[in-house]
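**Student:** Quick one: the structure is below, and I'll ask about it shortly.
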Ligand code: ADP
Ligand code: MG
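Residue numbers (the numbering used here): 863 to 1107.
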């Protein structure tokens, strides 16, 4: 079994607050790995640590075979080109139209000619279900669902192996949210992605994820099939899955 991410004995401390302690997890190639947990339990921080945006205070994180602690600048740059990220806020540049937003990573990280970059942008637009004519629109002209798709197209610009999503369906209406779930499943299959997704959207969790991880009390207290979750005696799980299990 090939693991794309391995977190061992992770510790994270902010001031006198311990956020993670003795946290372990392993994410398999090709799976959609969903993380749930109470607000403030350190889900976003965990993702930021996997992305080298946040220092850790103990343990190890390995991503695509690289140990992130003491990683060289060159290897860090290589890694950053192998993942795509979609944070909650979406974070499209409001002054750039959709084409320029999606082209940005390609302009920054590749030496490809502009004509080829435009062809790649058109392809990314089509795989997320946007039209070529949407490319000239600015973020403020898009619906919530379209913004998420455009952000996803940008996250996929560099053909990443690994995709990180932090609460991707939050703020979307139910139809757009289910549309987004279907898109994630399709892209995982077509692009052979491994997906790490934080979510509090129960429908999304049931419809998309392969492995469910529950973070509570500083560690992963469960990881496995969402169908076995009822066997776990935990207050957060009971409340979160109320009516479902
Ligand atoms: P979640 O995403 O599960 O809601 P977060 O990872 O955002 O939780 O935050 C976990 C805890 O760490 C919270 O108590 C938060 O206030 C704290 N925290 C996160 N980032 C910082 C930071 N840069 N400095 C201080 N505290 C932080
Ligand atoms: Mg969060």
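Every residue, glycine too, gets a C-beta built ideally from N, C-alpha and C.
Please read these numbers as outputs of a predicted model, since none were measured by experiment.
Hey, how far is the Cα of residue 979 from the Cα of residue 1016?
**Tutor:** One C-alpha to the other measures close to 12 Å.
**Student:** How about residue 866 and residue 912: are their beta carbons less than 8 Å apart?
**Tutor:** No, Cβ-Cβ distance for residue 866 and residue 912 is not below 8 Å.
**Student:** Considering only residues of the same chain and omitting the five flanking positions on each side of residue 986, which have a CB-CB separation below 7 Å?
**Tutor:** Excluding positions up to five away in sequence, the list reads 964, 1015, 1018, 1019.
**Student:** Excluding the 5 residues preceding and the 5 following residue 916 in the sequence, name in chain order all residues of the same chain whose CB lies nearer than 7 Å to its CB.
**Tutor:** Hits under 7 Å: 907, 910.
**Student:** Near residue 1064, which residues of its chain fall below 8 Å by C-beta distance, leaving aside the five closest residues on each side in sequence?
**Tutor:** Around residue 1064: 1102, 1103, 1106.
**Student:** Go ahead and pull the three-state DSSP assignment for residue 922.
**Tutor:** Correct three-state label for residue 922: strand.
**Student:** Around the Cβ of residue 875, are there at least 16 other Cβ atoms within 10 angstroms (buried) or fewer (exposed)?
**Tutor:** That one is exposed.
**Student:** Would the segment 1041–1050 count as touching the segment 1076–1085 if we require 3 or more Cβ pairs under 8 Å?
**Tutor:** Taking 8 Å as the limit for Cβ pairs, the verdict is that the segment 1076–1085 does not touch the segment 1041–1050.
**Student:** How many whole angstroms separate the CB atoms of residue 1061 and residue 896, which I take to be in contact at a CB cut-off of 8 Å?
**Tutor:** The Cβ separation is near 6 Å, so the contact holds.
**Student:** Hey, which unbroken runs of the beta strand (DSSP E) at 3 residues or more fall wholly within the segment 910–980?
**Tutor:** The segment 910–980 contains these whole beta strand (DSSP E) runs: 920–925, 945–948.
**Student:** Can you tell me the Cα-Cα spacing of residue 976 and residue 997, whole angstroms?
**Tutor:** In a straight line, the C-alpha of residue 976 is about 15 Å away from that of residue 997.
**Student:** Sorry if obvious, but does the Cβ on residue 991 come closer than 7 Å to a heavy atom of ligand 1?
**Tutor:** No, the beta carbon of residue 991 sits no closer than 7 Å to any heavy atom of ligand 1.
**Student:** With contact counted as at least three CB pairs below 8 Å, one residue from each stretch, are the segment 928–944 and the segment 878–893 in contact?
**Tutor:** Output reads no: the segment 878–893 does not touch the segment 928–944.
**Student:** Alpha carbons only, please: which of 960, 992, 943 is nearest the one belonging to residue 970?
**Tutor:** The candidate whose alpha carbon is nearest that of residue 970 is 943.
**Student:** Round the Cβ separation of residue 1036 and residue 1010 to the nearest angstrom and send it over; I've been treating them as touching at under 8 Å.
**Tutor:** About 14 Å separates the two Cβ atoms, so there is no contact after all.
**Student:** Determine whether the beta carbon atoms of residue 872 and residue 918 lie at a separation below 8 Å.
**Tutor:** Contact flag set, yes.
**Student:** Is residue 1068 helix, strand or coil when you go by DSSP?
**Tutor:** Helix, per DSSP.
**Student:** Sort 1084, 870, 894 by Cα distance to residue 1054 and report the nearest one.
**Tutor:** Checking every option, the nearest Cα to that of residue 1054 belongs to 894.
**Student:** Answer yes or no: do residue 1013 and residue 956 have a C-beta to C-beta separation smaller than 8 Å?
**Tutor:** No, they are not a contact pair.
**Student:** Determine whether the beta carbon atoms of residue 1071 and residue 1058 lie at a separation below 8 Å.
**Tutor:** Cβ distance not < 8 Å, so residue 1071 and residue 1058 don't count as in contact.
**Student:** For residue 1058, verify whether its CB is less than 7 Å away from any heavy atom of ligand 2.
**Tutor:** Answer for residue 1058: no, Cβ out of range of ligand 2.
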